[in-house]
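Peer 1: Handing you a structure now.
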Amino acid sequence: GAVVSQHPSRVICKSGTSVKIECRSLDFQATTMFWYRQFPKQSLMLMATSNEGSKATYEQGVEKDKFLINHASLTLSTLTVTSAHPEDSSFYICSARMTGYEQYFGPGTRLTVT
Amino acid sequence: QKEVEQDPGPLSVPEGAIVSLNCTYSNSAFQYFMWYRQYSRKGPELLMYTYSSGNKEDGRFTAQVDKSSKYISLFIRDSQPSDSATYLCAMRIPSSNTGKLIFGQGTTLQVKP
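Next comes the structure, spelled out in structure tokens:
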């Protein structure tokens, strides 16, 4: 149980284009979903927290107009990186929680912007 | 001082060894402690979670929490090469009603055959 999927697993895009990443909880309904960014050999950096049907809460320093989050249902959240640039290249990971505080992570999406 | 401190390692041990991974934290209000395992280029996998002080065992893994010392540990018995990964501790931020977690930096473990 508690499986979270992400799609795509890898994406390469050209500078200036937008990329959408999907996060789904497959066998449970998520009260909250989280989006993280991870640089090589570093820990997870929380970008935003989202709840179904409401606006996402972004962490300080994260541009909400650049990283658009839509939480359409209790099992689906999407992150859109708008007008991507090479510095946006990173490993993006989502997580979801049920009623407890433990978070279940997706496998991650590696974004490369050329 | 970081709120959660974790030695990044790398920690290298021979197969079969007992491994001890540790985190210290500064805020005594932190609660609900978790350990995650992350293989390279993968998302973190929840290994164990516990709320209170004391020990919790699951197979070869034991999580230990000492709230009085603000110290948590993960012990791995009979370590295997497949245990080679980065281990992250995490704990709930009390002021967050959405369940935000704060993570340690992660400890890289290598178990040599």
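Line by line, the protein sequences give chains A and B. FYI, in the working numbering the residues of the first sequence are 1 to 114. FYI, in the working numbering the residues of the second sequence are 1001 to 1113. We treat Cβ as the ideally placed atom computed from N, Cα and C, and that holds for glycine.
1) Could you pull the DSSP bridge partners for L26 (chain A) from this structure?
2) Between which two residues does the beta strand (DSSP E) containing K1056 (chain B) stretch?
3) If you reduce the DSSP assignment to three classes, tell me which class P1081 (chain B) lands in.
4) Applying a beta-carbon distance threshold of less than 9 Å, which residues of chain B neighbour T49 (chain A)?
5) If you reduce the DSSP assignment to three classes, tell me which class P86 (chain A) lands in.
6) Am I right that K1056 (chain B) and M1048 (chain B) are in contact with their C-beta atoms under 8 Å? What's the rounded C-beta distance?
7) To which residues does DSSP link D1114 (chain B) through a beta bridge?
8) Would F28 (chain A) and M98 (chain A) be called neighbours here (beta carbons separated by less than 8 Å)?
9) Quick one: Cα of D65 (chain A) to Cα of T82 (chain A), how far?
10) Within 8 Å of any Cβ in chain B, is that where the Cβ of S43 (chain A) sits?
11) In angstroms, rounded to a whole number, what distance separates the CA positions of S1073 (chain B) and T17 (chain A)?
12) For F1033 (chain B), which option in B:Q1110, B:G1059, B:N1097, B:C1089 has the closest C-alpha, if you only look at C-alpha atoms?
13) Tell me which same chain residues have a C-beta within less than 7 Å of the C-beta of A1085 (chain B), skipping the five on either side of it?
14) Count the other CB atoms within 10 Å of the CB of L26 (chain A); is the residue buried (16 or more) or exposed (fewer)?
15) Okay, do the region 84-99 of chain A and the region 4-21 of chain A touch, 3+ Cβ pairs below 8 Å being the bar?
Peer 2: On the basis of the data shown:
1) To locate residue 26 (chain A), count along the first sequence from 1; it is residue 26. Assignment of beta-bridge partners to L26 (chain A) by DSSP yields no partner.
2) Translated into positions along the second sequence, residue 1056 (chain B) becomes position 56. Element bounds for K1056 (chain B): 1054-1058.
3) Mapped onto the second sequence, residue 1081 (chain B) falls at position 81. P1081 (chain B): helix per DSSP, three-state reduction.
4) Here residue 49 (chain A) refers to the residue found at position 49 when the first sequence is read from its first residue. Simply S1096, T1098, G1099, K1100.
5) Here residue 86 (chain A) refers to the residue found at position 86 when the first sequence is read from its first residue. For P86 (chain A), the three-state secondary structure derived from DSSP is helix.
6) Position 56 of the second sequence, counted from the start, is the residue given in the question as residue 1056 (chain B). Position 48 of the second sequence, counted from the start, is the residue given in the question as residue 1048 (chain B). Yes, K1056 (chain B) and M1048 (chain B) are in contact; Cβ-Cβ is about 6 Å, under 8 Å.
7) Residue numbering for chain B in the displayed model covers 1001 to 1113; residue 1114 (chain B) lies beyond these limits and cannot be assessed.
8) Position 28 of the first sequence, counted from the first residue, corresponds to residue 28 (chain A). Position 98 of the first sequence, counted from the first residue, corresponds to residue 98 (chain A). The answer is yes: Cβ separation under 8 Å.
9) Counting from one through the first sequence, the residue named residue 65 (chain A) turns up at place 65. Counting from one through the first sequence, the residue named residue 82 (chain A) turns up at place 82. If I take the Cα positions, the gap works out to 8 Å.
10) The residue labelled residue 43 (chain A) in the question sits at position 43 within the first sequence. Residue-level contact by beta carbon holds for S43 (chain A) and chain B, with a gap shorter than 8 Å.
11) Along the second sequence, one-based indexing puts residue 1073 (chain B) at 73. Along the first sequence, one-based indexing puts residue 17 (chain A) at 17. When rounded, the distance between both Cα atoms is 44 Å.
12) The residue labelled residue 1033 (chain B) in the question sits at position 33 within the second sequence. Selected option, being the one with the closest Cα: B:C1089.
13) On the second sequence, position 85 is the one that residue 1085 (chain B) refers to. For A1085 (chain B), same chain residues with a beta-carbon under 7 Å away, outside a window of 5 residues either side, are R1037, Q1038, Y1039, L1109 in chain order.
14) Here the question's residue 26 (chain A) lines up with position 26 in the first sequence. Residue burial annotation: L26 (chain A) is exposed, with fewer than 16 other C-beta atoms found within 10 angstroms of its C-beta.
15) Taking a contact to require three or more Cβ pairs closer than 8 Å, the region 84-99 of chain A and the region 4-21 of chain A qualify as touching.
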